[in-house]
Amino acid sequence: MVTKKEYTCVLVETDDEGITWITFNRPEKRNAMNPTLLVEMEQITYELETDDDTKVIVITGAGNSWSAGMDLRQYFRETDKDPVARFRGMTAHRRWAELLTWSRKPTIAMVNGYCYGGAFISLAACDIVVAADNATFGLSEVNWGIIPGGNVSKVFGDMVSFRNALFYAMTGRTIDGRKAVEMGIATLSVPAEKLREETVTVARELIAKSPMVLAYTKQAIRAVRGMDMDQAYEYLGAKSMALRAADPEQTRARGMREFLDEKKFRPGLEPVKRPSEEK
Ligand code: ACO
Ligand code: V55
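Heads up: the sequence shown runs through residues 894 to 1172, numbered per my numbering.
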């Protein structure tokens, strides 16, 4: 593990497989997000985008929490009379989420515990969410007399059904890791003691693929969400041609050659012994 730079509220380490672990690191405050944390996250995510050692980004939390959402003291109450500080925090949060959303690197949220309110902004921006079965998700805003702000009402409503969006925002009821998968908030949920291992397994799968193909794939899936059918056909046609030009590994040509001509590559399928290979 290499720690690249020291931060106040975040830990950043890159391991020798190319996984960069970003850890919310205010465990004594359950990793509540204050303006400093948000500014650090924006800077970290910006820098990792051009860091060749980082193949996959994993975001997790120190202690029993992923993140307990916005820091009610430092983000809300203390900035009520300091609009400049509020603006800086809010803008860093928004830019951080945009950088995550459109990052060319695959991003995984490894949710080890509480994930409340404003934590859904960065959660939703990650490509994959691996949650502990006993993780706890919730929109607690209603209990604080506020609406799910930032883009929380938007991204939550995009992940879950309309009925669930209304119900969980209005009651503030919590959701465990398994239920989060059923609802579309998390991708998979695993026993807490397997969380890291299962996350690394997913990360390795991604690391084995062409980085350029992965970048184009996630961008394609994300970009078409805001398009109508005709735009999607046109965009995906253009994006396909762009990838053929951009991929330095020429993964497409190689894959076809290895499958069609050399007959040594069967992606995603169990390796088969072909009659010609049997002695
Ligand atoms: N903002 C500020 N401080 C917080 C927050 C928060 N969101 N969450 C926890 N803390 C602080 C507590 O005030 C406490 O500080 P102290 O030690 O100085 O008294 C410390 O973290 C530990 O909190 P506990 O409640 O003792 O920890 P516990 O593990 O028992 O419970 C839990 C954790 C469930 C996360 C609880 O702290 C909680 O409910 N926090 C509020 C979560 C929330 O509603 N977040 C959404 C805010 S609204 C929004 O994001 C838009
Ligand atoms: C929230 C609210 C915000 C914000 C980020 O509800 C998250 C969560 C009102 O401002 O900037």
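Ideal Cβ placement from N, Cα and C applies to all residues, glycine included.
Within its chain, find whatever has a CB closer than 6 Å to the CB of residue i; leave out the 5 residues flanking it on each side and keep chain order.
| i | result |
| --- | --- |
| Leu1099 | Val949 and Pro999 |
| Asp1154 | none |
| Tyr900 | Glu933 |
| Phe1158 | Glu1151 and Phe1152 |
| Tyr1009 | Ala961, Gly962, Gly1031 and Ser1033 |
| Val1053 | Met1076 and Gly1077 |
| Asp1026 | Gly1070, Arg1071, Ser1082 and Pro1084 |
| Gly1050 | Ala1058 |
| Leu930 | Cys902 |
Looking at the structure shown, is residue i part of a helix, part of a strand, or coil, going by DSSP?
| i | result |
| --- | --- |
| Phe1158 | coil |
| Ser1015 | helix |
| Ile1114 | helix |
| Ala1024 | strand |
| Tyr1009 | strand |
| Met963 | strand |
| Cys942 | First, the amino acid is wrong: residue 942 is Glu here, not Cys. Correct three-state label for Glu942: coil. |
| Gly911 | coil |
| Leu1129 | helix |
Taking the straight line between their C-alpha atoms, what separation do you get for residue i and residue j?
| i | j | result |
| --- | --- | --- |
| Met1105 | Met1122 | 25 Å |
| Lys1172 | Lys1156 | Reliability of the predicted coordinates at Lys1172 is poor, the pLDDT of 48 falling under 50, and the value obtained from them is presented with this limitation in mind. Computed Cα separation, rounded: 17 Å. |
| Thr1144 | Ala1131 | 18 Å |
| Asp909 | Thr896 | 12 Å |
| Asp973 | Ile1039 | 14 Å |
| Pro928 | Tyr968 | 6 Å |
| Pro1084 | Arg1066 | 22 Å |
| Thr943 | Ala978 | 28 Å |
| Val903 | Glu935 | 11 Å |
| Glu921 | Asn957 | 10 Å |
| Pro976 | Asn1036 | 23 Å |
| Pro1160 | Gly1042 | 43 Å |
| Gln1124 | Ala1017 | 24 Å |
Who are the Cβ neighbours of residue i in its own chain at under 7 Å, not counting the five residues just before and after it?
| i | result |
| --- | --- |
| Tyr1139 | Per the sequence shown, the amino acid found at residue 1139 is Ala instead of Tyr. Met1105, listed in sequence order. |
| Gly954 | Thr916, Phe917, Asn924, Ser960, Asn1005 and Gly1006 |
| Gly911 | Asp946, Thr947, Lys948, Val949 and Ile1100 |
| Arg1019 | Looking at the sequence provided, one finds Cys at residue 1019 rather than Arg. Cβ within range, chain order: Ile952, Leu993, Thr1000, Ile1001 and Ala1002. |
| Arg988 | Glu935 |
Is any heavy atom of ligand 3 found at a distance shorter than 8 Å from the C-beta of residue i?
| i | result |
| --- | --- |
| Val1004 | No copy of ligand 3 appears in this structure; the ligands present are ligand 1 and ligand 2. |
Can you round the beta-carbon distance between residue i and residue j to whole angstroms, since I take them to be within the 8 Å contact cut?
| i | j | result |
| --- | --- | --- |
| Arg997 | Ala1108 | 4 Å |
| Ile1014 | Val1045 | 6 Å |
Exercise. In chain order, which beta strand (DSSP E) runs of at least 3 residues are fully inside the segment 1036-1117?
Worked result: 1067-1069 and 1081-1083
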